[in-house]
Amino acid sequence: MQRSLELPCEVTGVEDFGWEEPYIFGGFSRAEYDRLIKDQPSFQDRYELLEIDEEVSSEWMLYAGDDLGAHVKRKSDGKDFWLGLSELKAVEEASKNAQLLDDFSVFLANSG
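In this text, residue positions in the sequence shown follow the working numbering: the first is 195, and each later residue adds one.
1) Mind reading off the beta-carbon distance from ARG240 to VAL285? Whole number of angstroms is fine, and I expect it under 8 Å.
2) Nearest by alpha-carbon distance to SER236: which of LEU244, SER251, TRP213 and GLY221 is it?
3) Does the beta-carbon distance from TRP276 to SER252 come in below 8 Å?
4) Let's see if you can read the secondary structure: which residues bound the beta strand (DSSP E) around ASP274?
5) Name the residue from LYS273, GLY272 and ILE246 whose alpha carbon lies nearest to the alpha carbon of LEU262.
6) Would you tell me roughly how many angstroms separate the C-alpha atoms of ASP228 and VAL250, rounded to the nearest one?
7) Distance, Cα to Cα, GLN238 vs ASP297?
8) Check this for me: beta carbons of GLU281 and PHE219, under 8 Å apart or not?
9) Go ahead and pull the three-state DSSP assignment for LYS232.
Rendered as structure tokens:
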């Protein structure tokens, strides 16, 4: 993937990240969510995908151990995170990167 993707590339979340679910679907405080997204990654944010590393795992990865680590920098504030590559999609939908990221997400979802 590292050789195939054109980096850096602008990405966002495919769907809500694991930590966001109880806030998005209800039950948890909206005010708390608004506070947490200042320091935690959100699927709604836009990021620059900078590198991929198969050895990296982080608390933000839904499939840590199976997924590839994606080093991203949030565009709004420059914060760095390691997210799961399969949880990201390219902002530019009609690009080679968009197809590669989608293919990888489908592959990972179907390999488990």
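By construction, the Cβ of each residue, glycine as well, lies at the ideal position given by its N, Cα and C atoms.
Quick caveat: nothing in here was measured; it's all calculated off a predicted structure.
Looking at the atomic coordinates:
1) 6 Å
2) TRP213
3) yes
4) Note, ASP274: beta strand (DSSP E), 274-278.
5) If you compare the alpha carbons of LYS273, GLY272 and ILE246 with that of LEU262, the shortest gap goes to ILE246.
6) 28 Å
7) Each residue's alpha carbon lies about 21 Å from the other.
8) no
9) Looking at LYS232 - three-state DSSP - the assignment turns out to be coil, as it is neither helix nor strand.
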